[in-house]
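In the numbering used here, the protein residues as written are -12 to 58.
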């Protein structure tokens, strides 16, 4: 299993293209990228890390929730 980093921008879900072997590594990378964006004066997007089975097809269903977890 691998973990996929997803960015949530204005209610739209974007695949970052980044995959990780552990959830902690995924979360730490997203946090560090957010810190770097804040350092240069940009507001970082929301994110979530989701587990994905290797080789499995990934589908997203968009809901009306305000949660930062889009699933």
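Positions of the beta carbon are idealized from the N, C-alpha and C atoms, including for glycine.
Just so it is clear, the structure is predicted and the values come from calculations on it, not from any experiment.
Would you list the residues sitting across from residue i in a DSSP beta bridge?
{"i": "residue -7", "result": "2 and 35"}
{"i": "residue 7", "result": "-10"}
Thinking residue i and residue j are a contact (beta carbons under 8 Å), I'd like their distance in whole angstroms, please.
{"i": "residue 6", "j": "residue -7", "result": "At roughly 11 Å, the Cβ-Cβ gap does not stay under 8 Å, so residue 6 and residue -7 are not in contact."}
{"i": "residue 31", "j": "residue -4", "result": "Between residue -4 and residue 31 the Cβ distance is about 10 Å, and since that is not below 8 Å, they are no contact."}
Excluding the 5 residues flanking residue i on each side, which residues of the same chain have their C-beta closer than 6 Å to its C-beta?
{"i": "residue 17", "result": "-8 and 34"}
{"i": "residue 24", "result": "31"}
Could you tell me which of the options sits nearest to residue i, measuring between CA atoms?
{"i": "residue 11", "options": "44, 42, 43 and 38", "result": "38"}
{"i": "residue 66", "options": "9, -3 and 13", "result": "No answer is possible for residue 66: the residues shown for the chain start at -12 and end at 58."}
Less than 8 Å between C-beta atoms, sequence neighbours within five positions excluded: which residues of the same chain meet that for residue i?
{"i": "residue 41", "result": "-12 and -11"}
{"i": "residue 8", "result": "-11 and -10"}
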